[in-house]
Amino acid sequence: MLFGSRARKKFSLFFLAIISFLAPKLEAVGLFQPSHNARYGGMGGVNLAIGGSPMDIGTNPANLSLKNRKELEFGISLPYIRTVYKDKFSDPDPNLSYENSESYNVLAPLPYFAIRIPISEKWTYGGGIYIPGGGNGEVSGLTRITPNGQSLNDWSGMKLPTPIGDSRRIQESYSSTFYLVKSTHALSYKIGGLSIALGVEGIYSRQIAYQKFYDITGNIEVPGQGFDYKSKNAYALGGIFGTTYQITDTFKIAYSYQTSAKVPLDGSMQVGSYPSRTGVSATFAVPERHGLGFSYGTDTFKIGVDALYYNYASYTSTYKQTLAAPVFPTAFGQTNVIPQNLSYHDSWALGIGGEWIVSDWTYRLGARHNSGVLRSEGTNALQAGIMVQDLVSGGLGYSTGKWKFDFTLLYYLPVRVYNGGSADWNFNHAVFSKDDIRVAEFKHSLRSDIPAILLGASYSFD
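Structure, rendered in structure tokens:
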């Protein structure tokens, strides 16, 4: 047997090592990918009522019972996030006015691995590990005015020569990384045309962020300013429920529910010149998801429609970090509470996709529309991934013996979000003191599109 228990164990450990290596570099499309494997990606992420892949553990585990053979599936998604960030600060004084435009492109590996094992005629087990999403971004060399509006020397205490030290202009660099890794284990039970399943999701997460300032030339880092935050390794539990009902020989209906999960991102932060790192308490809530799917299918042709609802607003509209000491600087004094208005909105998604099997080849097409999760009041330079809305995809599959290989091209269409003054990002860059507030003078926009390649393979065995 090609994949014995020892070989599968070694492969799983190897795959875990790969994910651990890739996760810190993650730039993801959002907290929920439209699909977790190459097959469903070719159908625009549609899968709830079609099913048939071991990666059903992440979307609708009831579909694990659609096939009665053991199957191992693995692969990788390679989205290439392309982003253009722009901002502008207007002031009558030309020495204070500035404009920034920065493009940054990142390749984001998202690997996955799953296995399906029938236990009996009615019971089927599925398990695996994958990265459903997260977020990361980095901008550097952005022209700014010093946080308190003073000259660089007065603000920082440095002794730089004129004109650099007397200028109120500086440069800012900012980076933030947040990612999720899931290990899901589910059991599916089939009775007649009805399949139901429950799964447990183990979640691993981490967040890293920093802010740095430089003189206007970008050559000298300003000491004792900015921050550096690192969370501890965070663990949480979630759950997934799914059901599929075969109405006729060709029509199926499905429902899936994924619970929310609270991820503890406690850690520590170095704030400016404070003599030691300060403890940080924070919790990030992953939203729940509801999905309803319909499909028509024969042995050679399948088409499906998925409707999904992500309840972001109840869980991730704000994110608050509480420091052990009031050392974080603001325009109104030092504080120990750092609130972030993410302003994520509840999101609806509607997808349609299908596959057509001709001999050893499978042809796939799909499209999906998502209502916007990110609105203008929650934007900043690092939110590119989660703002994408619409996608189109096409894919090919090839079968030979017990092996199947899948290849997908997927494109998240361009979207741009503008903000004219209501976001935290604006306040952070246009409020210099309680008497010097110029929020209306700072505007920014964010544009993103994402081409992606998905590669996958599966092997059926006795």
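This note's numbering puts the first residue of the sequence shown at 11, with every later residue one more than the last.
For glycine and all other residues, C-beta sits at the position ideal for the given N, C-alpha and C.
Identify, in the order they occur along the chain, each residue of the same chain with its Cβ nearer than 7 Å to the Cβ of Thr288, setting aside the five sequence neighbours on each side.
Ser278, Met279, Val281, Leu333, Ala334, Ala335, Val337
Quick one: what does DSSP say Ile257 is sitting in, helix, strand or coil?
coil
Figure out for me which residue from Lys272, Ser130, Met168, Tyr184 has the closest Cα to the Cα of Trp435.
Tyr184
Out of Lys453, Phe304, Asp164, Asp356, which one is the CA nearest neighbour of Leu58?
Phe304
Pull up the distance between the alpha-carbon of Ser353 and that of Asn390, whole angstroms please.
11 Å
Using 8 Å as the threshold, is the segment 154-172 in touch with the segment 126-145, meaning 3 or more CB pairs across them?
no
For Lys132, which residues of its own chain have a beta-carbon under 8 Å away from its beta-carbon, when the five flanking residues on both sides are left out?
Ser75, Tyr199, Lys200, Ile201
Can you determine whether any heavy atom of the ligand MN sits closer than 7 Å to the C-beta of Ile60, and answer yes or no?
You won't find the ligand MN in this model; it holds no ligand whatsoever.
Going by the CB atoms, is the gap between Gly363 and Val56 shorter than 8 Å?
yes
Have a look at Val290 and Val347 and give me their C-alpha separation to the nearest angstrom.
9 Å
For His454, does the count of other Cβ atoms within 10 angstroms reach 16, so buried, or fall short, so exposed?
buried
Leaving out the 5 sequence neighbours to the left and right, which residues in its chain are closer than 6 Å to Gln217 when beta-carbon positions are compared?
Phe188, Ser241, Leu275
What residue range does the alpha helix (DSSP H) around Ala335 cover?
Premise fails: Ala335 is in no alpha helix (DSSP H) and is neither H nor E.
With distances taken between CB atoms, is the gap from Leu247 to Glu298 smaller than 8 Å?
no
Three-state secondary structure assigned by DSSP to Pro424
strand
Using the rule of at least 16 other Cβ atoms within 10 Å of the residue's Cβ for burial, across every protein chain shown, is Ala450 buried or exposed?
exposed
Name the one or two DSSP bridge partners that Gly147 has.
Ser186
I need the DSSP call for Glu387, collapsed to helix, strand or coil.
helix
Burial state of Lys330 (16 or more Cβ within 10 Å)
exposed
Assigned secondary structure, Ala5 (DSSP; H/G/I helix, E/B strand, else coil)
This structure gives no information on residue 5, because the portion of the chain shown stretches from 11 to 472.
Please name the residue, chosen from Ile67, Ile460, Lys444, that lies closest to Lys341 on a Cα-to-Cα basis.
The residue you asked about is not Lys; residue 341 is Ala in the sequence shown. The shortest Cα separation from Ala341 among Ile67, Ile460, Lys444 belongs to Lys444.
For His195, which residues from the same chain have a beta carbon less than 7 Å from its beta carbon, with the 5 sequence-adjacent residues on both sides left out?
Gly137, Gly209, Val210
Straight-line CA distance for Gly228 to Ala323?
39 Å
Start and end residues, beta strand (DSSP E) containing Arg79
No beta strand (DSSP E) holds Arg79; DSSP gives it neither H nor E.
Which term fits Asn115, buried or exposed, when burial requires 16 or more other beta carbons within 10 angstroms of its beta carbon?
exposed
According to the Cβ coordinates, are Thr464 and Ala118 closer than 8 Å?
The question names Thr, but residue 464 is Leu in the sequence shown. No, the Cβ-Cβ distance between Leu464 and Ala118 is not below 8 Å.
Spell out the partners DSSP gives Val441 in its beta bridges.
Ile447
In three-state terms, what does DSSP make of Gly51?
helix
Burial state of Phe261, where buried means 16 or more other Cβ atoms lie within 10 Å:
exposed
By alpha-carbon positions, which one of Gln221, Lys222, Ile263, Ser215 ends up nearest to Ala244?
Ser215
So, using beta-carbon positions, are Ala124 and Gly252 closer together than 8 Å?
no
Starting from Asp164, trace the alpha helix (DSSP H) in both directions and tell me its first and last residue.
162-166
Proximity to Ser161 [Cα-Cα], best of Asn105, Val149, His379:
Asn105
On a CA-only basis, which of Thr69, Pro102, Asn158, Ser205 is nearest Thr134? Give me that one, please.
Ser205
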